[in-house]
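Q: One structure is given below, represented as structure tokens, and several questions about it will come after.
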Amino acid sequence: MPMNVPARPGALDLRPLSARSVVLSLLLGTHPPELPARELVRLVEGFDVGGSTLRAALSRMVAAGDLRRTDTGYRLSDRLLERQRRQDDAVHPRTRAWDGDWEMVVITATGRGPAERADLRARLTALRLAELREGVWLRPANLARALPGDLDRVAQHYTARPDRPARDLARSLWPLDAWSATARALLAHIARTPRPAARLTAFAAVVRHLLADPVLPPGLLPADWPGAELRAAYTDYQRELIGEVRARVRDA
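Oh and the sequence shown: position 79 is 521 in the numbering used here, straight run, nothing missing.
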């Protein structure tokens, strides 16, 4: 399955954050995604990013199209607004009551190269679908979202009612126990991580893990599923960051 979870249950994907990653993490969690330059400078100091390093990173990010300069500071580019939307959906997924129906997407296009196939797989995975067999993707129809219209060029989609028991099917499509173990390891790591830079690194890993949550109906999840707990921890951290931004601006 194309799920973004570590191969070993409980393993943590704690990637060191560059200056660029720190800036993106802060802006992706800010609504609207814009910060005055003075606030950004004062904020990143708390994450072990110096002024000269920040200025170099900002210049590269503007040149690469990650950020736009505004009259007072920096804002996420339109290209990265879609990434923020996916992150917001991961933290606050929009669901509806599940009546037993499943979404099924069947790939019909042929003659695509490896890059096109990989891009399509990534898109379907981001839509929280899982591959039953080559070219056939499924998920419970409990998400309050429509499939992108341009998928019609390469796939057909249906509503299905599989004969297989829904819980067994869900367990075959997603590594639920592995996801749960890693979520609990992240929560334990956060609880013993006081340093701001290390906490930002940990919560960046939390976001990546939430993006891989299949967001299944409660009846298909294992007991004590930690999804809500992980989302609550991230939401609390975002409030903590916002409070820090305001405190730094007030003290400036």
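Glycine included, C-beta positions come from ideal geometry on N, C-alpha and C.
Answer yes or no: do A620 and H631 have a C-beta to C-beta separation smaller than 7 angstroms?
A: For the purposes of this step, residue 620 is taken as the residue at position 178 of the sequence shown. For the purposes of this step, residue 631 is taken as the residue at position 189 of the sequence shown. No. Outside cutoff.
Q: Alpha carbon to alpha carbon, how far is A453 from T624?
A: Position 11 of the sequence shown, counting from 1, holds the residue named residue 453. Position 182 of the sequence shown, counting from 1, holds the residue named residue 624. One C-alpha to the other measures close to 6 angstroms.
Q: Rounded to the nearest angstrom, what separates Y676 and P636 at their Cα positions?
A: Mapped onto the sequence shown, residue 676 falls at position 234. Mapped onto the sequence shown, residue 636 falls at position 194. Going from the Cα of Y676 to the Cα of P636 covers about 15 angstroms.
Q: Skipping 5 residues on each side, what residues in its chain have a beta carbon closer than 8 angstroms to that of G406?
A: No answer is possible for residue 406: the residues shown for the chain start at 443 and end at 694.
Q: Under the three-state reduction of DSSP, which class applies to G515: helix, strand or coil?
A: Indexing the sequence shown from 1 puts residue 515 at position 73. In this structure, G515 counts as strand in the three-state DSSP scheme.
Q: Beta-carbon separation of R527 and A499 under 7 angstroms?
A: Working through the sequence shown from its first residue, we reach residue 527 at position 85. Working through the sequence shown from its first residue, we reach residue 499 at position 57. Cβ distance not < 7 angstroms, so R527 and A499 don't count as in contact.
Q: Pick helix, strand or coil for H473, following the three-state DSSP scheme.
A: Reading the sequence shown from its first residue, position 31 is the one you call residue 473. Note: H473 maps to coil in three-state DSSP.
Q: Give me, in chain order, the residues of the same chain whose beta-carbon lies closer than 7 angstroms to that of N446; leave out the 5 immediate sequence neighbours on both sides.
A: Mapped onto the sequence shown, residue 446 falls at position 4. For N446, the predicted model reports a pLDDT of 40, less than 50, meaning its position is unreliable; a value from the coordinates is still stated below. Here the set comprises R650, L653, A654.
Q: Assuming contact is defined by CB atoms lying nearer than 7 angstroms, are A612 and L574 in contact in what I supplied?
A: Numbered from 1 along the sequence shown, position 170 holds the residue referred to as residue 612. Numbered from 1 along the sequence shown, position 132 holds the residue referred to as residue 574. Going by C-beta atoms, A612 is not nearer than 7 angstroms to L574.
Q: Quick check on the DSSP output: the beta strand (DSSP E) that includes A602 runs from which residue to which?
A: On the sequence shown, residue 602 is found 160 positions in, with the first residue counted as 1. Run containing A602: 597-602, per the beta strand (DSSP E) assignment.
Q: Quick one: what's got a C-beta closer than 6 angstroms to A568's C-beta in the same chain, skipping five residues either side?
A: Sequence index remark: in the sequence shown, residue 568 carries index 126 (1-based). Excluding sequence neighbours, A568 sits near nothing in its chain.
Q: I want to know whether the segment 488-508 touches the segment 551-564 - three or more CB-CB distances under 8 angstroms.
A: No, because fewer than three Cβ pairs between the segment 488-508 and the segment 551-564 fall closer than 8 angstroms, the two stretches do not touch.
Q: Can you have a look at V548 and say buried or exposed, based on whether 16 or more other CB atoms are within 10 angstroms of its CB?
A: As a first step, residue 548 is located in the sequence shown; it is residue number 106 there, counting from the start. V548 is exposed by the Cβ-count criterion.
Q: Run through the DSSP bridge pairs and tell me what M549 is partnered with.
A: Position 107 of the sequence shown holds residue 549. Before going on, a small fix: residue 549 reads as Ile here, not Met. DSSP lists A597 as partners of I549.
Q: Using CA coordinates, which residue listed in V465, A602, L518 is at the minimum distance from G492?
A: Sequence index remark: in the sequence shown, residue 492 carries index 50 (1-based). Among V465, A602, L518, the Cα nearest to that of G492 is on V465.
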